[in-house]
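Numbering (my numbering), first residue to last: 19 to 178.
1. Is the CB of residue 91 under 9 Å away from at least one CB in chain C?
2. Would you tell me roughly how many angstroms separate the C-alpha atoms of residue 122 and residue 97, rounded to the nearest one?
3. Should residue 137 be labelled buried (16 or more other beta-carbon atoms within 10 Å of its own) or exposed?
4. Between residue 99 and residue 45, what straight-line distance do the alpha-carbon atoms span, to the nearest angstrom?
5. Tell me the residue span of the alpha helix (DSSP H) that contains residue 115.
6. Taking the straight line between their C-alpha atoms, what separation do you get for residue 53 and residue 101?
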């Protein structure tokens, strides 16, 4: 049973996002570690686990962040479900496919979160938000996720 591990991951990832990650901000942009975890776990465990992990991470971020409750949960849950379905369409064992999935999922989550916030009269325009927040965070998430995947493959290769 992996549920205790998933609960620890959601708690630890959310705690790291609010305490450690702001230290590595680059130009005011921070990576979204819970989203990176959500997509990488969903690629390995499937759409149901991806959805639940995304909902858990998103809800924790909503509670700790002070924004509209449910926006992060809904967007991360949807992206987790999407990423979990990719192994049925692509051979996701390749590193480049995982990193590409992470970048596309991160971009999709940012656009979906903007669309959900726009329902509640979120003021900034899409072009401004996309160029200053969504795209830089997507690239940062791809970099962080790529480094995590390279490290994981390196450790597995060293043990073999």
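Each residue gets a CB set at the ideal place from its N, CA and C atoms; glycine is no exception.
With the structure as the only source:
1. Annotation note: the requested chain C is absent from the structure, which comprises a single protein chain.
2. If you number the chain shown from 1, residue 122 lands on position 104. If you number the chain shown from 1, residue 97 lands on position 79. Their Cα atoms are separated by approximately 10 Å.
3. Walking along the chain shown from the start, residue 137 turns up at place 119. Exposed, since its Cβ has fewer than 16 Cβ neighbours within 10 Å.
4. Along the chain shown, read from residue 1 onward, the residue named residue 99 stands at position 81. Along the chain shown, read from residue 1 onward, the residue named residue 45 stands at position 27. Using only the alpha carbons, I get a separation of about 31 Å.
5. Against the chain shown, residue 115 aligns to sequence position 97. Unbroken alpha helix (DSSP H) run through residue 115: 113 to 136.
6. The residue given as residue 53 occupies position 35 in the chain shown. The residue given as residue 101 occupies position 83 in the chain shown. Whole-angstrom Cα-Cα distance: 11 Å.
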